[in-house]
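Counting in my numbering, the sequence shown tops out at residue 968, every number present.
For glycine and all other residues, C-beta sits at the position ideal for the given N, C-alpha and C.
Down below is the structure, laid out as structure tokens.
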Amino acid sequence: MAANTEMDEALDTFIAECRQLLEDMEVGLMRLDANLSDTEAVHAVFRAAHTIKGSAGLFGLEAVIAFTHELETLLSSVREGAATLDGIQVALLMRAGDQIARLIDDVEARQAHEERLLQQGAEIIDLLHGAGSTKAPLPALAAAPDVLKAEAGASERIGGSDLWHLSIRFGPGVLRDGFDPASFIRHLRTVGRVVHIVTLADRLPRLPDLDPETCHLGFELRLQSAASKAEIEAVFDFVLGDCELHILPPDSRVDDYLRLIEQVPDDRARLGEILVACGALTAAELELALAAQQRSGEAPPPLGRILVEEHTVPAEVVEGAIKHQQEQRQRQGVEAKLVRIHADKLDGLIDRVAELIIASASVGALAARNQDRALKEAMSKLSRLTEDVRDGAMRLRLVEIGDMFGRFRRVVRDVADELGKDIRLSIEGGETELDKTLVDRLADPLTHMIRNAVDHGIESPAMRLSAGKPAAGQLTLKASHLAGSILIEISDDGAGLHRDRILAKAVERGLLMEGTDLSDEQVWALIFEPGFSTAAQVSNLSGRGVGMDVVKRAVEALRGSIEIHSTPGQGTRFRIRLPLTLAIIDGFLLAVGQAHYVVPLASVLECVRLPAGAGGYLDLRGEVLPLIPVGPCFGVMTASARRQNVVVVDSIAGRAGLVVDQLKGEIQAVVKPLGPLMAGLPGLSGSTILGTGEVALMLDVASLIHQAAAGRLPGAGVDNARTSVPCL
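Here it is in structure tokens:
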């Protein structure tokens with residue numbers, strides 16, 4: 241049982257890593273879609289496919305292995321320069337990524353793959369191979385030495401540049417040691433075929449100085465062999481200490497070495513070890529190079545430079561090994577700083593911290609009632625530590641929203657291609673951090689809104705040109721922090737919302753009476769009605785009236801709000817405001833009568849006394865500030881004997897003053913959801929438990945201001961003649 245549990249945990253880790261690798265693959269493919277010559281993107285996609293294939297092998301996932309192997313083969317030929325990618329193949333590679341995701345879904349569900357799914361994979365591979373274009377191999381990476389140029393034609397007829405090149409200078413004592421240089425050349429025939437040889441006599445002395453027992457000869461030769469570099473070097477084992485031997489691999493081997501370098505285990509951290517592990521360098525060559533490096537004095541040159549200058553290893557291979565070394569160190573540095581933790585454990589930690597905050601507040605209230613000075617000092621220190629723990633726990637769940645935004649490049653590309661549109665997606669504020677729970681729950685509503693913008697919002701190229709616009713449409717995703725909330729904007733430069741068409745559809749569906757006068761904001765709000773759609777016909781993308789009402793419910797379920805701004809002929813902008821977190825916030829405690837309320841501290845600008853005789857507005861240093869009496873809004877009787885206070889708040893909906901009886905000060909508020917009876921009530925976003933055990937309601941400032949602007953709050957600084965009852 242324990243073994244099965246460990247295997248399941250390992251498989252879950254593999255699935256999570258595959259999801260991340262598939263995201264990396266898609267990012268690389270989107271880069272390739274924009275620039276087909278982006279070699280780094282090709283490498284990134286190849287590495288992702290290669291890693292998925294290797295990891296799948298540990299679990300015997302044959303379908304995943306077989307499919308990714310085909311992708312790896314294609315991408316490998318592209319990296320080697322034997323094939324090129326075009327737009328069609330990039331699109332097919334995106335489909336291939338989706339296919340891998342579906343295979344992983346089956347693995348996660350612990351179910352066998354359906355034959356239909358496997359057939360889809362085979363069709364994608366067939367299309368990939370059928371759409372491929374090839375080109376001639378790249379030119380040789382290193383030119384032949386001058387001494388061989390005269391015989392280059394003959395060599396190419398025999399095997400071309402796909403030959404080993406050996407350069408050997410025997411030491412002067414070889415003959416005296418009883419070795420015949422020619423015997424080593426003959427022995428080479430046991431590992432391959434010598435197709436070309438040139439004898440070098442440039443070191444021969446003048447005849448009077450010639451010693452018949454001293455060797456002055458050298459050889460340059462070409463060897464056709466499938467042996468490794470180490471096997472070829474072994475032929476010269478007996479004279480390695482008394483000769484200069486350089487073995488340059490064939491051009492085809494250079495690519496092999498580069499591929500092998502990527503597979504070198506992470507425990508090989510040094511450059512020499514990496515080159516030896518991939519076979520580009522022998523142990524003897526490494527020792528000689530290290531010895532030469534040590535002889536260079538106090539400032540020795542890098543090992544890679546020595547190997548290249550001595551013609552021991554091709555420059556391309558050394559560069560590939562150095563790059564692998566740098567990536568490995570960076571990866572190890574990141575892995576050393578990261579710990580993979582299950583989300584449930586983080587949620588449990590947040591819950592415990594929330595309970596700690598409530599308990600701390602309770603002890604603080606007890607200390608204040610008893611007037612125990614020592615206890616109050618201890619509680620002050622405990623509160624600071626609790627706040628630090630809270631902040632640290634919350635940061636664990638924060639992620640950059642740009643990772644989610646990046647996924648929408650694929651959505652825009654696929655939908656635009658299907659509709660025959662040219663649309664550019666621009667992302668701003670991707671570094672903005674947000675609670676991971678919010679990010680995960682935002683993915684689906686944002687996807688629908690982006691698809692709507694591409695389908696409904698942005699016109700076809702012909703229509704845009706006729707309207708004097710560029711043929712390519714612009715879609716922008718933007719995230720930013722605002723007054724303790726996060727603001728997400730989806731905007732396009734399309735035709736804008738059609739007011740008359742929306743009104744006509746609302747009348748047709750019985751949502752409005754003919755001739756009803758509505759503001760633009762009220763008209764735009766109609767698109768959030770269930771089943772509402774202005775599409776002329778049903779398609780794969782629109783027309784069924786399912787979507788925008790779901791979007792609104794999803795945003796409101798996150799204690800957020802959504803508003804629309806649209807200008808005919810210029811475009812539409814959706815603005816979504818969300819809290820930074822769903823768990824714990826810094827709040828400001830207010831009281832009206834016996835009731836307590838909390839507003840996000842980041843929304844509070846200042847607090848002032850309510851002047852005697854003030855009406856629905858307050859002159860705040862020359863600024864007209866509308867007032868919202870909190871008590872009447874929620875049916876609470878105010879303590880009229882007391883002088884009231886105004887809390888000046890700011891939100892996405894503007895500024896206003898909340899009129900309350902008492903200001904209780906800052907607190908750490910643990911946000912609790914409202915029960916079914918109160919969920920969805922305007923002006924409220926949740927509740928919290930105070931240290932005294934009392935319940936305080938969390939105010940949704942933006943919603944309150946919207947309600948006031950719509951005239952639905954009694955006593956607010958607007959024309960509220962239409963409202964005679966509390967908003968609840």
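For the pair of segments examined, the region 934-946 was found not to touch the region 597-611: the number of CB pairs separated by less than 8 Å stays below three. When secondary structure is reduced to three states using DSSP, Asn-692 falls in the helix class. DSSP places Val-870 in the uninterrupted alpha helix (DSSP H) bounded by 870-873. In this structure, DSSP gives Gln-611 a state outside helix and strand, which the three-state scheme calls coil. Shown here for Val-888: same chain residues with a beta carbon closer than 6 Å to its own, the five before and five after excluded, namely Leu-845, Glu-846, Gly-897 in chain order.
Taking the Cα of Lys-676 as reference, the smallest distance to any Cα among Gly-361, Leu-444, Leu-818, Gly-827 is reached at Leu-818. The Cβ-Cβ distance between Pro-421 and Phe-478 does not fall below 9 Å.
In the three-state reduction of the DSSP assignment, Thr-454 falls in the coil class, being assigned neither a helical nor a strand state. Each residue's CA atom was taken as its position, placing Arg-813 and Ile-590 some 35 Å apart. Counting C-beta atoms within 10 angstroms of its own C-beta, His-946 has 16 or more neighbours from the protein chains shown and is therefore classed as buried.
When Val-639, Ile-641, Gly-642, Ser-666 are compared, the shortest CA-CA separation from Val-652 is found for Ser-666.
The alpha-carbon separation between Ala-466 and Val-434 amounts to approximately 12 Å.
Between Thr-430 and Ala-470, the CB-CB gap reaches or exceeds 9 Å.
The closest CA to that of Asp-248, considering only Leu-752, Gln-762, Val-347, Leu-674, is found on Val-347. Listed in chain order, the non-local C-beta contacts of Ile-767 below 7 Å within the same chain comprise Ile-742, Met-788, local neighbours out to five positions each way being set aside. Note that the C-beta distance between Val-282 and Leu-332 is not below 9 Å.
The DSSP-derived three-state label of Met-938 is strand. In the three-state DSSP reduction, Gly-560 falls in the helix class (H, G or I).
DSSP links Trp-404 through a beta bridge to Leu-463.
DSSP places Ser-725 in the strand class (E or B) of the three-state scheme. Counting other Cβ atoms within 10 Å of its Cβ, Ile-581 stays below 16 and is therefore classed as exposed. Under the DSSP assignment, Thr-439 falls in the beta strand (DSSP E) whose first and last residues are 433-440. Gly-926 places its beta carbon less than 9 Å from that of Lys-912.
Taken through DSSP and simplified to helix, strand or coil, Gly-708 comes out as coil.
Inter-residue distance for Ile-728 and Arg-815 is about 6 Å (C-alpha atoms, whole angstroms). Asp-684 is a Cβ neighbour of Ala-794, given a cutoff of 9 Å.
Per DSSP, Asp-859 lies in no alpha helix (DSSP H) segment; the continuous beta strand (DSSP E) that holds it begins and ends at 857-860.
Note on geometry: alpha-carbon atoms of Leu-841 and Ala-594 lie some 17 Å from one another. The shortest C-alpha to C-alpha distance from Lys-563 to any of Arg-510, Ala-532, Arg-446 is the one to Arg-510. Residue Phe-307 holds the alpha-carbon nearest to the alpha-carbon of Asp-366 among Ser-623, Phe-307, Val-603, Asp-612.
A direct Cα-to-Cα measurement between Leu-528 and Glu-556 gives close to 21 Å.
For Phe-645 against Gly-670, the beta-carbon gap comes to about 5 Å, under 8 Å, which counts as contact. Taking the C-beta atoms as reference points, Leu-311 is found no nearer than 9 Å to Leu-403. In chain order, Val-330 place their CB closer than 6 Å to the CB of Asp-273, counting only its own chain and leaving out the 5 sequence neighbours on each side. DSSP places Ala-835 in the strand class (E or B) of the three-state scheme. Per DSSP, Asp-477 is not a residue of any alpha helix (DSSP H), being assigned neither H nor E.
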